[in-house]
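Below: one structure, written as structure tokens.
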Amino acid sequence: MEESGKLADANRRKNTLAALGASMAFAVICIIAGAVLSTSTHTVAGSGTVHSLIPILSPSSSTINISMISLVFSIIATIFTEIIGFAHSTSLRSILIDEGRLRFNTNARLFTASKKGGWANPNGRLMNALMALLLVMSYASSELVVMRLQHLEGPDYSITKYRPGLSAPPIIVFGISLFLQGVISLFGAYHCGPYWLESTNVLATTKWQIERNIIVRRQHRCMRNVLQGQSTTPDPRTTAGPPTALDPLIPPDPLTTPDPLEPSARQPSAWSASPAVKTAVIVVWGLIPVYTIWGAIIYALSIYAFEWKSKSGNIQTIGIGSTKLSEISWAFLPNENELSFGVAYLTTHAKEAASLPSWAWPSILLAFMAIQSGLTLALHYCEAIINTTRDEHIWRQAADDRGVAISQQWPLRAALSSWRNVFLLVGKSFCHWIFGHSLTAVGEFAQSFDNSGALTGSNFLGIEVLATCAQVWYLSAVLVGFATVTTVMAKYKPRGPQPAAYGHFQTLADLIDEWPPERPIPGYKLDPVLYWGHKRDKDGVCHAGTSSDKSLVHPVDMEGMYGGELDEEPSSTAKTQCV
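Right, dumping it as structure tokens:
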């Protein structure tokens, strides 16, 4: 049985490393493709030779095609950063177990660091900071890959047509940022050694630690939730506070017997149980006024600061503004009549081989990273809310009629089977897509005419980096909805007497007194499951616990006092039935 478990762990590790390798291979493809495209030249709308811009599709009066292609790249960025982030998170959890510092199943990956290994530790503070920088760079560059090519036609430029174009430099940067994240995650997988912990299932991880004596079950705590579990009195208000994600390991005192207590009809929320959840809620709400104020700044700049030019003439500000908001476009997708302010990087030879100043692309990327960094890191931090509430949902299934299986699922299946994870993935992609509308790069082309009014061709004028007021405020509105949903998750108090744990391993170890067998029982079609409920009462003290046999657990007596045990021996730990 032990050998089969090791084989399963090895297979899951291979699967994760294979997914990580596929992500790194995709990154290499992006780097090569971007390098090839950057050396090619193209003609756009009859203009002179244009470097590093590759037009696709035909010109249109609508920007819908551009938006849809941009959405595809936002989804691609989310998928591959999540795959790499999963491997990095797995190595972090494994290292924290090795250090004896993993208290919760969920941690904010980029804001929780290992203390061993010095600066070269792939899960240390320096590498976490680098991973955060690369994550921001990935999303910023992905928003620049698809550029809106804008054609101004007619003698008075009254006709505007759009077409999508691929920009080579952001493709290269996107590939490099993904590849470096993959390298750090791969190094982390190697660095964690024998403590590699593949499963994200909170119950499987709890059992794994109990079997290796990393966690020892404490008796007489069968009705104590994560807030009450650190106290020996029946009043949870005497608890100093919720355990932090990285509490120092405190050995349980077998001589201390907590007082029995009555079951609670409602359990504490994730907000009160996990400091990381509370921080995540505050961060995401704090982001909303930042972007709202940013939209107001864009509005002011579009009216009062749109005539500045650099001494060289290669840079100038541009703006479309009006004190009458009814005179501008409030369409969801950006267009030429939107209220906007930006900077134009002009070409050096508009009528010949068009090229931008050498510092144009780096400055554009840095601007995107600076403005988008808050959104990227806030959405990353929201993983603490999603995963913590998901862990609690898994545990609470033990009180249902079907029980809960502790088998380790393939991570992709586990993620897609949870509506919370799907909500987060969709929310990340959608928010970054909306951000791409609020801050966008536009390739500007204009027809040229001779003195007689005859059309002589089209010229590439340069790239405009435009911040649009309406889309920034739309992003703020979307963030309000996102923050509301995550706050409801964080503040929700589960119903029922089953003590809440929120992925706190010591609390789960105290609550689970019997584990289901490792292998399916003959005659059962499903994998072994765990049931929780009332098990017995003796001398006025009740005991609640778990069993793989549903007939051995019963509804909890809401007026009973719980704190008993089936086995009163001090040396008893969580039982594991073996078949």
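The sequence shown begins at 1 in the UniProt record's numbering and counts up by one.
Yeah, the Cβ is synthetic: ideal placement off N, Cα and C, and Gly gets one too.
> Among all the DSSP beta bridges, which residues are the ones paired with PHE445?
Replying inline: HIS151 and PHE460.
>> Once DSSP output is grouped into helix, strand and coil, what is the label at LYS115?
In response: Of the three classes helix, strand and coil, the one that applies to LYS115 here is coil, per DSSP.
> With which residues is ASN561 paired in a DSSP beta bridge?
Replying inline: According to the sequence as given, residue 561 is Met; it is not Asn. DSSP lists VAL541 as partners of MET561.
> Taking the alpha-carbon positions, what's the ARG420 to SER58 distance?
Replying inline: Take the alpha-carbon of ARG420 and the one of SER58: they are about 39 Å apart.
> What is the DSSP secondary structure of PRO254, reduced to helix, strand or coil?
Replying inline: With a pLDDT of 49 at PRO254, under the threshold of 50, the modelled position of this residue cannot be trusted; read the value that follows with caution. Three-state result, PRO254: coil.
> Which partner residues does TYR345 have in the DSSP bridge list?
Replying inline: TYR345 is bridged by DSSP to ILE315 and ILE463.
>> Going by DSSP in three states, PRO122 sits in which element: helix, strand or coil?
In response: Coil.
> What number of angstroms, rounded off, separates the C-alpha of PHE505 from the C-alpha of CYS222?
Replying inline: Taking the straight line from one Cα to the other gives about 14 Å.
> How far does the beta strand (DSSP E) with GLY165 in it reach, from first residue to last?
Replying inline: Segment 159-167, the beta strand (DSSP E) holding GLY165.
> Is DSSP giving ALA305 helix, strand or coil here?
Replying inline: The answer is coil: DSSP assigns ALA305 none of H, G, I, E or B.
>> Could you give the first and the last residue of the continuous beta strand (DSSP E) run that contains THR41?
In response: Counting along the chain, the beta strand (DSSP E) containing THR41 begins and ends at 41-43.
>> Using C-beta distances below 6 Å, list every residue in its chain close to TRP330, excluding the 5 sequence neighbours before and after it, in chain order.
In response: Shown here for TRP330: same chain residues with a beta carbon closer than 6 Å to its own, the five before and five after excluded, namely ALA470 in chain order.
> Whose C-beta lies closer than 6 Å to the C-beta of SER547 among residues of the same chain, with five residues either side of it excluded?
Replying inline: A distance below 6 Å between beta-carbons, with the five flanking residues on each side excluded, links SER547 to the following residues of its chain, in chain order: GLU514, TYR531 and VAL553.
> Which two residues bound the contiguous beta strand (DSSP E) that contains LEU53?
Replying inline: Counting along the chain, the beta strand (DSSP E) containing LEU53 begins and ends at 53-55.
>> Here's the rule I'm using: 16 or more other beta-carbon atoms within 10 Å means buried, otherwise exposed. How should ASN128 be labelled?
In response: Classification of ASN128: buried, given that the 10 Å Cβ count is 16 or more.
>> Assuming ARG109 is part of the alpha helix (DSSP H), what are its boundary residues?
In response: Segment: none, ARG109 is in no alpha helix (DSSP H) and carries neither H nor E.
> When the distance is taken between beta carbons, is ARG396 closer than 8 Å to GLN498?
Replying inline: Taking 8 Å as the cut-off, the beta carbon of GLN498 is found closer than this to the beta carbon of ARG396.
> Buried or exposed: THR106, going by 16 or more other Cβ atoms within 10 Å of its Cβ?
Replying inline: Buried.
> Under the DSSP definition of a beta bridge, which residues are partnered with ILE320?
Replying inline: Among the bridge pairs identified by DSSP, ILE320 is matched with SER340.
> Measuring CB to CB, does THR389 end up less than 8 Å from ALA270?
Replying inline: Note that the C-beta distance between THR389 and ALA270 is below 8 Å.
> Taking the alpha-carbon positions, what's the LEU181 to ALA273 distance?
Replying inline: What sits at residue 181 in the sequence shown is Gln, not Leu. GLN181 and ALA273 have their C-alpha atoms some 31 Å from each other.
>> For TYR304, count the other beta carbons within 10 Å of its own beta carbon; 16 or more makes it buried, fewer makes it exposed. Which is it?
In response: In summary, TYR304 is exposed, with fewer than 16 beta-carbon neighbours lying within 10 Å of its beta-carbon over all protein chains present.
> Is it true that the CB of SER438 sits closer than 8 Å to the CB of SER74?
Replying inline: In this structure, SER74 lies away from SER438, with their beta-carbon atoms at least 8 Å apart.
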